[in-house]
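Chemist: Next up is a structure, given as structure tokens.
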Amino acid sequence: MINTIIKKELNSYFNSPIAYIILIVFVGVSGWFYAQDLFLGGEADINGFVNIVPVLFLLLIPGICMRLIAEERAQGTIETLTTLPIKDIDIIIGKWLSAFILILIGLCVTLIFPVISSFLGKIDWGIVFTSYLGLILFALFFTGIGIFASSIATTQIVAFVIGIFISFFFFILGKLLFAIPTSIVPFFNYLSIDYHLNNIIRGIIDSRDFIYFITLTFLFVYGAFYFYSRIKERLLSTTQWILIGIVIVLLNLISTRLFLRFDLTQGNIYSLSRATLKILNELPDNVVIRAYVTSKLPFPYNNRAQYLNDLLGEYRLRSRGKIRFEQIDPTTPEQVMDAQRNGVVPLQFTEVKEGEFGVKQGFMGLVLLFEDKREVMPVIEDFANLEYDITSRIKKLTEERTKIIGFTTGHDELLLSDNLLNKISDRYTRQDVNLKDTINPKIDVLVIAGPKSDFDTIEIQKIQKYINDKIPIAIFLDRFGINLDFFLSFPLHLPNLDSLLNKLGIVVEPGMIMDRNNEMLVLRSQRGSFVMQNIVPYPYFPKIMDLSKQNPITKDFEAIVLPFVSPVIGGDELARTSKVSWLRNSPQSLNPIDQQKFIPFPMPFDKQGPFNTISCLTGDKRIVVVGTSKFIDNQFLSGPGVALFMNILDWLTQDETLISIRTKLVSIRPLKEISKGMKRFIQYLAPLLPVLIFVVMGIIRWQIRKGGKGGYEV
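Residue numbers are given in the UniProt record's numbering: position 658 of the sequence shown equals residue 658, and the series is strictly consecutive.
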């Protein structure tokens with residue numbers, strides 16, 4: 001009988017304009033947001049669609065469900081319905097599933113969006129699958145709320161208002177956690193739909209999230225059955241309701257302790273990588289990880305603490321007893337002093353207490369111990385690279401000797417940011433090298449980062465001596481100095497360093513590469529009391545997608561951005577610009593507004609691409625040459641830039657274990673280069689094609705009914 005009810009309700013939807021209007025609004029609006037975000041973000045994903053769907057569900061699902069029972073009651077047909085030989089629960093389930101199927105039809109048509117993205121780039125189908133799964137569970141839950149609202153209302157308008165109110169409560173709860181007292185944040189955080197949906201749409205299937213959606217959906221559907229059954233005075237007892245509540249609470253409590261978790265992302269970016277497992281299996285002895293984490297943290301620190309706890313649990317499980325995990329909640333003065341004595345820094349955050357904002361202190365740091373050595377993570381802030389940060393410290397602890405990276409000084413070299421220096425110190429010992437002094441035999445890698453003045457003959461001889469002694473060298477060479485205040489450039493001349501590179505068979509060409517396939521630049525301007533932002537394509541920020549898959553430095557990247565880069569000739573080529581790139585030998589003005597006339601191509605241009613931008617020499621002499629240092633300049637530093645730099649150091653030290661961990665979270669999935677006309681076509685196609693599908697469906701349905709082939713009747 002459930003099938004009969006479903007058919008009746010779906011016919012009722014599709015025999016009137018209601019279903020078509022709702023579905024057209026849904027696919028049209030979601031398609032527009034998808035297309036806009038696709039080209040603004042420049043990556044092959046469906047984030048624009050996934051981000052707007054919950055808002056659309058919040059507005060549309062109560063409208064779909066409001067008539068399910070309230071209409072029967074308003075028209076006086078509910079008494080007739082209750083006398084039919086159909087079980088009450090079948091009626092409720094049939095009506096609920098009919099609304100859910102209507103939403104499911106709309107979601108199925110939107111599969112056009114990931115298909116479009118897959119033609120434009122390398123989309124992560126694991127994330128697509130879990131995103132749709134999360135939206136399906138979301139729709140299941142909200143239709144449950146919708147039929148519950150319809151069962152307790154006397155009119156459709158009242159049902160709509162009640163449905164909106166309840167749905168909005170779960171929708172907004174996760175966005176207001178900052179204003180909730182810390183003591184009850186964990187409860188409301190778990191109750192919010194954001195906490196569970198966000199896990200699923202990023203590529204993780206977790207049994208805790210399934211239990212949440214299924215149990216709450218059951219609660220509201222059963223509530224609808226209860227209020228519907230009151231008409232026939234078959235009331236559920238208070239004991240039954242208490243029992244149902246206890247079962248739901250217990251299931252959710254148990255799920256927080258016993259759960260299954262699957263990472264469906266390409267490359268398993270949210271699970272311990274093979275490199276980490278290899279390091280754990282090769283540990284010579286037990287490593288102690290002592291976590292100083294305050295138990296009651298405000299939002300969003302509570303979610304981060306939960307993620308940290310889950311990750312450390314996975315370390316302990318996969319290490320086969322070689323990782324010992326100690327968790328300390330610094331509540332007493334002695335524990336607070338112990339945390340600070342070990343180098344863990346307290347966090348300062350605001351919390352709501354007795355209707356007022358107050359300042360509270362908490363901890364979220366790690367101390368790693370091995371034999372008589374220790375590594376400290378004073379404050380855990382970078383959760384995107386948490387696995388790398390922990391594993392690199394474990395590796396550093398258990399190594400017999402920490403390798404030394406020497407950075408040349410005395411030539412106005414690039415000043416590295418604190419962020420990059422911290423990343424280096426996590427793996428290596430950093431040391432300044434003055435080439436006028438004697439050669440340091442303990443140096444494992446020599447780095448020349450963006451010198452603005454040339455090296456003298458003695459210094460060149462010292463560099464040559466490092467090369468002859470088979471010390472790996474990284475050279476990041478700028479052909480131009482950059483003044484971004486006025487968007488001007490001036491040439492840099494380093495003839496002695498060029499001569500050294502020429503002997504190695506490498507040439508960094510004069511000139512700056514421009515590429516039509518580029519990163520956007522955000523321009524800010526002051527207009528009165530307002531700051532205006534303008535996002536423009538900037539050809540001096542080439543987005544390089546032709547990367548060597550044989551060399552560990554670049555093989556895990558889909559794309560990198562190298563600002564103000566010059567071509568590198570010779571050696572093994574690692575990173576080539578697109579075919580729509582060109583070279584300017586004397587680019588004095590770098591103003592992004594001036595560059596618009598060079599897109600798609602300048603005429604005439606000095607030289608047409610593609611160009612190589614990174615070269616390496618292998619064998620006895622490991623040398624890497626990059627035609628810019630700007631990607632590690634603090635002004636342009638990004639996650640992929642840090643990863644590329646650290647990959648170069650790891651490759652030069654012949655320690656490539658951590659490269660795969662570092663790059664798995666920073667790799668972007670860029671769109672293929674397409675014409676402006678094709679972009680415009682896709683921006684129209686994405687919202688209009690799904691709309692057209694439902695328009696055609698409606699016309700066909702109308703013609704069938706007009707011809708006397710009416711729908712199913714009950």
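All residues carry an ideal CB built from backbone N, CA and C; glycine is no exception.
Please state whether the Cβ-Cβ distance between Asn281 and Asn189 is less than 9 angstroms.
Modeler: Taking 9 angstroms as the Cβ cut-off, Asn281 and Asn189 do not qualify as a contacting pair.
Chemist: Is Met646 helix, strand or coil by DSSP?
Modeler: Reduced to three states, the DSSP call for Met646 is helix.
Chemist: Taking the continuous beta strand (DSSP E) assigned at Thr663, which residues delimit it?
Modeler: Thr663 -> not in any beta strand (DSSP E); alpha helix (DSSP H) instead, spanning 659 to 663.
Chemist: Lys373 and Thr657 - do their beta-carbons sit closer together than 9 angstroms?
Modeler: No.
Chemist: Which residues in the same chain have their Cβ closer than 6 angstroms to the Cβ of Val50, if we skip the five residues on either side of it in sequence?
Modeler: These residues qualify, in order along the chain: Ser131, Ile201.
Chemist: With DSSP collapsed to three states, give me the class of Gln361.
Modeler: Three-state result, Gln361: strand.
Chemist: In chain order, which alpha helix (DSSP H) runs of at least 4 residues are fully inside the region 209 to 284?
Modeler: List check, alpha helix (DSSP H) in window: 238 to 257, 274 to 281.
Chemist: In or out: Glu371 buried (at least 16 other Cβ within 10 Å) or exposed?
Modeler: Label assigned to Glu371: exposed.
Chemist: Under 9 angstroms, do Pro378 and Val336 count as touching if we go by C-beta distance?
Modeler: No, Cβ-Cβ distance for Pro378 and Val336 is not below 9 angstroms.
Chemist: If we require 3 or more residues per run, which beta strand (DSSP E) segments fall completely within the region 494 to 545?
Modeler: With a minimum length of 3 residues, the continuous beta strand (DSSP E) runs that stay inside the region 494 to 545 are 512 to 515, 518 to 527, 530 to 544.
Chemist: List the endpoints of the continuous alpha helix (DSSP H) containing Ile184.
Modeler: Element bounds for Ile184: n/a, residue is neither H nor E.
Chemist: How should Arg622 be labelled, buried or exposed, when 16 other C-beta atoms within 10 angstroms of its C-beta is the threshold for buried?
Modeler: Its Cβ being crowded by 16 or more others within 10 Å, Arg622 is buried.
Chemist: Tell me the residue span of the alpha helix (DSSP H) that contains Lys706.
Modeler: Note, Lys706: alpha helix (DSSP H), 676 to 706.
Chemist: What residue does the beta strand (DSSP E) around Asp90 start on, and which one ends it?
Modeler: Counting along the chain, Asp90 falls outside any beta strand (DSSP E), though it belongs to the alpha helix (DSSP H) covering 88 to 109.
Chemist: From the DSSP output, read off the bridge partner residues of Ala449.
Modeler: According to DSSP, Ala449 bridges with Phe476.
Chemist: Could you spell out where the beta strand (DSSP E) holding Ile623 opens and where it closes?
Modeler: Note, Ile623: beta strand (DSSP E), 623 to 626.
Chemist: Under the rule that 16 or more other beta-carbon atoms within 10 Å means buried, what is Val359, buried or exposed?
Modeler: By the neighbour-count rule (16 or more Cβ atoms within 10 Å), Val359 is not buried but exposed.
Chemist: Does the region 237 to 248 come into contact with the region 103 to 120, if we say contact requires no fewer than three beta-carbon pairs (one atom in each stretch) closer than 8 angstroms?
Modeler: With the cut-off at 8 angstroms, the region 237 to 248 and the region 103 to 120 do not touch.
Chemist: Between the alpha carbons of Ala99 and Ile394, how many angstroms are there, rounded?
Modeler: Taking the straight line from one Cα to the other gives about 53 angstroms.
Chemist: Going by beta-carbon coordinates alone, are Gly511 and Leu477 separated by less than 9 angstroms?
Modeler: No, these two residues do not count as a Cβ contact at 9 angstroms.
Chemist: Return helix, strand or coil for Thr613, following the three-state DSSP convention.
Modeler: Three-state DSSP puts Thr613 in a strand.
Chemist: Considering Cα atoms alone, identify which of Val580, Arg427, Ile471 is closest to Asn440.
Modeler: Answer by Cα proximity: Ile471.
Chemist: Check each candidate in Ser589, Val626, Phe530 and name the one with the smallest Cα separation from Leu562.
Modeler: When each option's Cα is compared against that of Leu562, the closest is Val626.
Chemist: Report, in whole angstroms, the separation of the C-beta atoms of Phe407 and Asp432, which I expect to be a contact under 8 angstroms.
Modeler: The Cβ separation is near 6 angstroms, so the contact holds.
Chemist: Please list, in chain order, all residues of the same chain as Ile647 whose beta carbon is under 6 angstroms from its beta carbon, the five residues on each side excluded.
Modeler: A small correction: the amino acid at residue 647 is Asn; Ile does not occupy that position in the sequence shown. Ile553, Ile659, listed in sequence order.
Chemist: Does Asp485 pass the burial test, meaning 16 or more other C-beta atoms within 10 Å, or should it be called exposed?
Modeler: Counting Cβ neighbours within 10 Å, Asp485 comes out exposed, since fewer than 16 surround it.
Chemist: Quickly, what does DSSP pair Asn440 with across the bridge? List them, please.
Modeler: Partner(s): none; Asn440 has no beta bridge.
Chemist: I'd like the list of long-range same chain contacts for Ile2, defined as Cβ closer than 6 angstroms, with 5 residues on each side in sequence excluded.
Modeler: Correct list, in chain order: Asp90, Ile93, Gly94.
Chemist: Check this for me: beta carbons of Ile193 and Pro54, under 9 angstroms apart or not?
Modeler: The answer is yes: Cβ separation under 9 angstroms.
Chemist: My understanding is that Ala70 touches Gln156, with C-beta atoms under 8 angstroms, so please give their C-beta distance in whole angstroms.
Modeler: Yes, they are in contact, since the Cβ atoms of Ala70 and Gln156 sit about 5 angstroms apart, within 8 angstroms.
Chemist: Give me the DSSP bridge partner(s) of Ile22.
Modeler: Beta-bridge pairing links Ile22 to no other residue.
Chemist: Out of Ile145, Ser183, Pro181, which has the shortest C-alpha to C-alpha gap to Ser167?
Modeler: It is Ile145 whose Cα lies nearest to the Cα of Ser167.
Chemist: Using a 10 Å radius around the Cβ and a threshold of 16 neighbouring Cβ atoms, would you call Tyr388 buried or exposed?
Modeler: Counting Cβ neighbours within 10 Å, Tyr388 comes out buried, since at least 16 surround it.
Chemist: So who's on the other strand from Ser12, going by DSSP bridges?
Modeler: Answer is none; Ser12 lacks a bridge partner.
Chemist: Looking at Ala575: is its Cβ nearer than 9 angstroms to the Cβ of Asn612?
Modeler: Cβ atoms of Ala575 and Asn612: closer than 9 angstroms.
Chemist: Name, in chain order, the residues that DSSP records as bridge partners for Leu68.
Modeler: The partner list for Leu68 (beta bridge, DSSP) is empty, contrary to what the question assumes.
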